[in-house]
Structure formats: structure tokens, C-alpha cells
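S.K.:
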Amino acid sequence: MRSACRSVTIVVIDDLEDAMTDSLSRLAGPAIVHLEHELIVRDFLELLDEQCWSDLRPFLHDEVVFVTAPGRSIDGRECVLRAVREIRHGFARFGVELEDLGFGPATVFAHLTLSLRLPTGEEARVQSFAKFRLRDMQIVEWTQSYA
5 MRSACRSVTI VVIDDLEDAM TDSLSRLAGP AIVHLEHELI VRDFLELLDE
55 QCWSDLRPFL HDEVVFVTAP GRSIDGRECV LRAVREIRHG FARFGVELED
105 LGFGPATVFA HLTLSLRLPT GEEARVQSFA KFRLRDMQIV EWTQSYA
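Those letters in the sequence shown? Residues 5 to 151, by this note's numbering.
(1) Secondary structure at Ala114, three-state DSSP: helix, strand or coil?
(2) Determine the burial state of Ile36: buried for a count of at least 16 other Cβ atoms within 10 Å of its Cβ, exposed for fewer.
(3) Could you tell me which of Arg86, Glu67, Leu43, Pro34 sits nearest to Gln55, measuring between CA atoms?
(4) Cβ of Arg129 within 8 Å of Cβ of Thr117?
(5) Would you list, in sequence order, the uninterrupted beta strand (DSSP E) runs of no fewer than 3 residues that lie entirely inside the region 80–129?
(6) Looking at Ala96 and Leu105, is the spacing between their C-beta atoms short of 8 Å?
(7) Quick one: residues in its chain with C-beta nearer than 6 Å to the C-beta of Ser149, no 5 flanking neighbours on either side, listed in chain order?
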């Protein structure tokens with residue numbers, strides 16, 4: 005009779021281990037997706053800072069929407085890349101520094117500092133916030149706002 009109790013105890017422990025493994029597996033999935041999204045946004049911002057225009061292309065979905073101001077957006081990968089290049093070329097210097105990241109479902113929020121130098125030589129540091137919505141490991145929406 006004692007061995008029957010031991011086998012029941014072992015089964016309970018095995019069930020507990022299975023339950024813990026299942027629970028960890030369920031938690032790991034979203035954590036891995038958040039990590040992948042974080043890496044995509046970090047790499048995208050680094051390439052943006054380095055002005056690697058052609059390298060930005062794979063990060064953006066064909067139908068990406070870039071919201072530059074309330075009610076103003078640019079649609080499509082090539083149009084977004086062209087607009088970003090034009091914005092960048094309006095400054096003698098345009099640096100992007102990542103300050104912090106936050107996460108939501110399929111969304112990465114970035115607090116940025118933009119280091120700008122106007123063609124006149126005047127310099128400014130602007131706080132900026134970006135929201136990147138991702139689908140299939142590509143950016144499908146990029147909203148940029150400034151403080």
C-alpha cells in the first residue's frame with residue numbers, strides 16, 4: 005500500500021512539472037515575440053541613424069504607413085523611405101538616440117532623442133516618441149511625435 009502512495013505522489017509531481025513546463029511555454033512565446041520586435045526596432049533605428057537607406061527597406065512592410073503628424077501620413081515603403089531621406093537631408097546633422105523602449109501587443113514604443121543641426125549651424129536636441137506596429141516581423145505602421 006505504501007508503494008501505491010509513492011506512485012501517486014510521483015504522478016502528482018510529474019503533473020506539476022508538466023503544468024509548470026506548459027505554463028512556461030505559454031509565457032515564453034509572447035516574451036520571444038516581444039524580444040524579436042525589440043530587436044527589429046533597435047536595428048531599424050540604428051540603420052536610420054546611420055542613414056543606411058537601402059538596408060531599411062526589409063524592415064518596412066510594402067504597405068507601411070508613416071504618421072508624421074495628426075492627420076498626415078505617408079503610405080507605402082518607397083514613399084516612406086523617400087520622405088525620411090528628404091527629412092534627413094533638411095538638416096546638416098540628424099542623429100537618432102534610443103532612450104527607452106516599451107511594449108504592447110504587436111507594438112513597440114520608443115523614446116528617442118534627436119540631435120539636430122540646421123543648415124545655419126543652430127543645434128537642437130528634441131525629445132521624440134515613436135510607435136511601431138509590427139506584423140509578420142515587419143513595421144506596418146510608424147507614428148512619430150515630438151515633445
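Yeah, the Cβ is synthetic: ideal placement off N, Cα and C, and Gly gets one too.
M.R.: So, from the data block:
(1) The residue given as residue 114 occupies position 110 in the sequence shown. If DSSP states are grouped into helix, strand and coil, Ala114 belongs with the strands.
(2) Sequence index remark: in the sequence shown, residue 36 carries index 32 (1-based). With fewer than 16 Cβ atoms within 10 Å of its Cβ, Ile36 is classed as exposed.
(3) As a first step, residue 55 must be located in the sequence shown, where it is residue number 51. Looking at the Cα atoms, Arg86 is the closest of the given residues.
(4) On the sequence shown, position 125 is the one that residue 129 refers to. On the sequence shown, position 113 is the one that residue 117 refers to. Result yes, Cβ atoms of Arg129 and Thr117 sit closer than 8 Å.
(5) 97–108, 111–121
(6) Here residue 105 refers to the residue found at position 101 of the sequence shown. Here residue 96 refers to the residue found at position 92 of the sequence shown. Contact: no.
(7) For the purposes of this step, residue 149 is taken as residue 145 along the sequence shown, with counting starting at 1. Contacts found: Phe133.
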